[in-house]
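Some notes on the structure that comes next.
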Amino acid sequence: MAVITRYWVLDFLVLISGLIALSYFYMTRKFKYWKKRGVTEITPTPFVGNFGDCLMTKKSSGQWLRDIYEWSSGLPYMGFYIFDKPCLLIRDPELVKNILVRDFNTFPDRFVSASPHDRIGDANLFLIKNPAWKVVRTKLTPLYTSGKLKRMFELMVDVGEDLMTHMKSLKLEGQGQNVEVKDLSAKFTTDMIATTAFGVRANCLNDPNAAFREAGRRVFSTSLYRNFELTSLFFAPQLAKPLGLRFIPSNASKFLRDTLWGVILERERSNYKRGDLIDLLVELRKANAESSTRDIFDFDGDNLVAQAVVFYTGGFETSSSALSFTLYEIAIQPEIQTRLRQEILDGLEQSDGKVTYDLAMNLPYLDMVVAETLRKYPPLPFLDRLTKQNYKLPNSDLVVEKGTPVFISMTGLHYNPEYFPDPNKYDPERFSEVNKKSRKQGVYIPFGDGPHICIGLRIGLLQTKLGLIKLLPKYEFSPSKETMIPLRLSPKATITTADGGVFLNVKEIA
C-alpha cells in the first residue's frame, strides 16, 4: 500500500530520489572548505571529489598528484578533495622542509593506515603510528650502521655470484638476447633480501616459481582488487577496518610469517650469529621477554614479523625498480653506460678484482647515475602526513586544521623545470658536487626527509649498486625490438613500476 502517493511505484521512486539527494548533500557538504579559507582549490565532482581518475585507474596515484602539482604552478599549496575529505598539496620546498623536518612533531604520522586486524600491516615501521613508531625506529636503527652494512654486504656479494651464474645460463654470447630486466632485477633483489632479512637462500634467480618471488608478486600485484586495496589504504584508510583491507595479502603474510619464525627459533636454539636482521629480532625478542616492565610496543609475535616484512617489501621494490630503470636509461644512452662501466672496471682494478663495501661506496659516477634514476623514478612517488594539531603555515594566514591529510608530490618536485631543467632528460650530471650544492633544498627527496626518512635507504642503494657493479663489466645493454621508448608507467600501481615490463637486449662482452 502506498504511503506518500497513491501508487507504491511512485513511493519507491520518491524514496530513492530522496536518498540520492541526501547522499549528494552529505558528500558535497565540505566542497567549499578550501575556498572559504582563501585557498585555491580544484573544483570537485560530487561523490568522488578530485579522486575520480585515480579511482578509475586512468592515472596512477603518483601521476594524479603530480598533475595537481603542475596545475597549481606558482602557488605554495593547493586544496583538493579525496571523496569528501579536504586535503592539502604542499608545493613550496620551504614548506616541504617545515612539514618533514622542522615541524615534524606536528606531522609525526603518515595518513596511510592499515586495519588493526591486520597486525603485520598495522605494526610495521612504515605504517605504525606514534609513540610506538619512535620506539620501533630507535630499536631498528642499529641494523643500519656502517659496520652492520659491511657485514650484510658480504652476504649480498654471494647473491651477486648467483646473478652471474644465472646470466651465464641465458647464453648471451654473440648478438645477445631479449631479456626482461624488471623481472631479473626483482629476482636478484628478492634473493638478497631473503638472505639479509630472513636468513635463508630464496633461489629466485634459478627458480621462477620460488616461494619468496611468489610472495613479492602477490604484494605488488596490479590486479583490480589489489589496486583497490592499496589505493584505499593510502587515500581512504577509513575503509580498511570495515572492508578488511590488508597491507600484505594473507597468503603472502602466512608464508613470510612461517619462514621468519622457523629461522628465529633455529637461531635461538643454536645461538648462531650471522650479522643480519634476524640477529637483531632475536635480541629484541629476548630483551622483551626478560623485561620486568611492558613497553608501548611488544617485540614478539606478529609485531616482530611486521618488521621483517617491511624490510622485505621496502627493500625489494626500492632496489629492483632502481636497478631495472637504470639499466633501461643507460641502454638508451650508451655513452653513460660506457662511462659507468669504465669507472667500475677502474675501481675493480684498484681492489684486485674484489667487490667490496668500500668499492661500492667510492664510485662517484655510479652515485650520480643511481641518484638520477631515483629522481625520474622515485619508488613511492608521493609522501603523506596527517596533521596532529592545528598548524599555521609559515608566511601565510592559513591554519591547517587537526586531522587534515597533507601530501607532497615527489615527482612534481623532481620534474619541476625550475629545479631540474629539461626534467624528462636522463642526466646524471645533475648530481655532480657542484650542481648539488647549487640546488635548492627540499626539491630532491626520493626517500623522504626528516625523522621519517626511509630507514633502509642505504641498504637499498647498496643492492642497486651491487647489481650494476656485477653486470656492467660483463654485459652490454641496448634497446631491443620490444623496448618501449618512452617507457610507460603502470596507471594501476601505487608505486612507480613499468607497465608490461622492461625489455632490453643483453649481450655478453667478449
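Numbering-wise (my numbering), the sequence shown opens with residue 7 and increments by one.
Backbone N, C-alpha and C define an ideal beta-carbon position, used for all residues, glycine too.
{"Asked": "Contact set for L310: own chain, Cβ-Cβ below 8 Å, skip 5 residues either direction", "Found": "L266, I270, L287, L290 and R291"}
{"Asked": "N104, buried or exposed, once every other Cβ within 10 Å from all chains shown has been counted against 16", "Found": "buried"}
{"Asked": "Contact set for T489: own chain, Cβ-Cβ below 7 Å, skip 5 residues either direction", "Found": "F509 and L510"}
{"Asked": "C-alpha distance - V142 paired with V512, whole-angstrom precision", "Found": "43 Å"}
{"Asked": "Presumed contact (8 Å Cβ cut-off) between R116 and D390, rounded CB distance", "Found": "5 Å"}
{"Asked": "Buried versus exposed call for P243 [16 or more other C-beta atoms within 10 Å across all chains shown]", "Found": "buried"}
{"Asked": "Assigned exposure category for L25 - 16 Cβ within 10 Å defines buried", "Found": "exposed"}
{"Asked": "The segment 391-411 touching the segment 338-355, judged by at least three CB pairs closer than 8 Å", "Found": "no"}
{"Asked": "K64 (DSSP reduced to helix, strand or coil)", "Found": "coil"}
{"Asked": "Reduced DSSP category for Q183 - H, G, I as helix; E, B as strand; rest coil", "Found": "strand"}
{"Asked": "Own chain partners of S191 with C-beta closer than 7 Å, once the 5 adjacent residues on each side are dropped", "Found": "S326, L329, S330 and G473"}
{"Asked": "The segment 379-390 in contact with the segment 477-492 per 3-pair CB rule at 8 Å", "Found": "no"}
{"Asked": "Y231, enclosing beta strand (DSSP E) - first and last residue", "Found": "Note, Y231: premise wrong, no beta strand (DSSP E); alpha helix (DSSP H) at L230 to F241."}
{"Asked": "For S357, three-class secondary structure by DSSP", "Found": "coil"}
{"Asked": "Cβ neighbour criterion (16 or more within 10 Å) applied to M158", "Found": "buried"}
{"Asked": "Rounded separation between V185 and Q313 - CA only", "Found": "33 Å"}
{"Asked": "Reduced DSSP category for K480 - H, G, I as helix; E, B as strand; rest coil", "Found": "coil"}
{"Asked": "Any 3 or more C-beta pairs closer than 8 Å across the segment 63-78 and the segment 415-428", "Found": "yes"}
{"Asked": "With 16 other Cβ atoms within 10 Å as the buried cut-off, status of Y278", "Found": "exposed"}
{"Asked": "Nearest-angstrom Cβ-Cβ length linking L101 and P122, presumed shorter than 8 Å", "Found": "With 8 Å as the limit, L101 and P122 do not qualify as a contact, their Cβ atoms being about 32 Å apart."}
{"Asked": "Nonlocal neighbours in the same chain, by C-beta distance under 6 Å from A293, ignoring five residues either side", "Found": "none"}
{"Asked": "For A504, the residue or residues it bridges with in DSSP", "Found": "L495"}
{"Asked": "Alpha-carbon to alpha-carbon, L133 and D306", "Found": "18 Å"}
{"Asked": "Test item: CB-CB of L218 and T196 under 8 Å", "Found": "It is worth fixing the name first, because residue 218 is Phe in this sequence and not Leu. It is a contact, given that the beta carbons lie within the stated cut-off."}
{"Asked": "Test item: CB-CB of V45 and G85 under 8 Å", "Found": "yes"}
{"Asked": "Top-ranked residue by Cα proximity to K3, from L230, D285, D213 and G58", "Found": "Residue 3 lies beyond the range of the chain shown here (7 to 516); nothing can be said about it."}
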